[in-house]
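In terms of our numbering, the sequence shown opens at residue -13 and continues consecutively. In this text, a Cβ means the ideal position worked out from N, Cα and C, and glycines have one as well. Step one of this worksheet: look at the structure below.
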Amino acid sequence: MPKLENAAAQGAKGLIICSPDVKLGSAIVARAEQRGMKLMSVDDQLVDANGKPLEVHHLGISARKIGNTVGTSLYDEMTKRGWKPEETGLILVTRDELDTAKERTEGAQEGLVGKGFPAAQIYTAPQKTTDVPGGRDAANVVLTQHPTVKHWLIAGMNDAAVMGAVRATEAFNIKPENVIGIGINGDSALEDLKKPQATGLFGSILLQAKRHGFDTSEMMYKWIKDGVEPEMTTYTDGVLITRDNYQQVLKEQGLPGA
């Protein structure tokens, strides 16, 4: 609150906030209205004391939309490689106890099926832990149960889940060229993307943090200067990074690892 007051005292006409405690939302809204400041939240949506989202302009990440990008990207790469759907299976590493994880994996499934992939060839692999060993152990069960599948697609809640499943395919002596894994976050996936020899981890959906800062700033500027009010809710998607483009994309995003 002191920073909000300080900004108002300096003549700020708008406030963009990623609150460390979203349940302060009602107080933040009230103070911004009191000071005549336009308000936008970014990343984490402001809520009231009961956890209900407030009517505040917001720019954030849609977990389902990110997952959908995983699914469509898997299908596109599968098609590019000439794989037959009837010879291909999806290992869907799930963690349904976590809302964001559930949204991501459901989105991946929807994206893949929406492209025409057979739903019957999607094999759910619930993970007990959200790390590489958890993904590996979950995938081991699916691989044991379906030894005749020729090609494997892999999706999960994050890079670690997918990397774990990729490690499982390696243990089953499945060649990397018969595996397409796409993670989410674009962090630990870099370990595989930087390896001299390609692994079954094809890529990862990098969350575009830079866009959040740029887009909200542009929206706020136009709102204040030109009276162009932004949409109440705007969701960004991610960008697919692979062995071929990760250095360029990370550089463009101003991120380490390039």
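- Using a Cβ distance threshold of 8 Å, PRO162 and THR130 do not count as a contacting pair.
- In the three-state scheme derived from DSSP, where H, G and I count as helix and E and B as strand, SER12 is classed as helix.
- Here the C-alpha atom of ILE77 lies approximately 47 Å from the C-alpha atom of ALA16.
- The shortest CA-to-CA distance from GLU96 to any of LEU179, SER59, THR202 is the one to SER59.
- When DSSP reads this structure, THR80 sits in a beta bridge with PRO112.
- Counting the other Cβ atoms within 10 Å of the Cβ of HIS132 gives fewer than 16, which makes it exposed.
- About 6 Å separates the Cβ atoms of THR202 and MET26, confirming a contact at the 8 Å cut-off.
- Annotation: LYS136 to ARG67 spans about 13 Å, alpha carbon to alpha carbon.
- THR55 is classed as buried because its beta carbon has at least 16 other beta carbons within 10 Å across all chains shown.
- Taking the CA atoms as reference points, LYS208 sits about 12 Å from LYS(-1).
- Look at PRO71 here: in three-state DSSP terms it is helix.
- By the Cβ rule, the stretch 136 to 151 does not count as touching the stretch 34 to 44, because fewer than three pairs are nearer than 8 Å.
- Comparing C-alpha distances from GLY53 to each of VAL42, SER190, VAL28, GLU238 shows the shortest one belongs to SER190.
- Counting C-beta pairs with one atom in each stretch, the stretch 163 to 179 and the stretch 225 to 236 have three or more that are closer than 8 Å, which means they touch.
- Spatial neighbours of HIS44 in its own chain (CB-CB distance under 6 Å, excluding positions within 5 residues in sequence) are listed in chain order as SER27, GLN31, THR219.
- Between ALA125 and VAL165 the beta-carbon gap is near 10 Å, outside 8 Å, which marks them as no contact.
- Taking VAL127 as reference, the option from PHE103, SER48, GLY102, ALA157 with the minimal CA-CA separation is ALA157.
- Within the stretch 136 to 201, the runs of alpha helix (DSSP H) that reach at least 4 residues and sit entirely inside it are, in chain order, 145 to 157, 176 to 179.
- The straight-line gap separating the alpha-carbon atoms of ALA87 and THR65 is approximately 26 Å.
- Distance from the Cα of ASP29 is smallest, within the candidate group ILE14, GLU19, SER48, for SER48.
- In the three-state reduction of the DSSP assignment, LEU45 falls in the strand class.
- Within the same chain, Cβ atoms closer than 8 Å to the Cβ of ALA13 are found at MET(-13), the five residues on either side in sequence being excluded.
- Going by beta carbons, GLY224 and LYS196 fall outside the 8 Å limit.
- The C-alpha of LEU236 is placed about 23 Å away from the C-alpha of ASP117.
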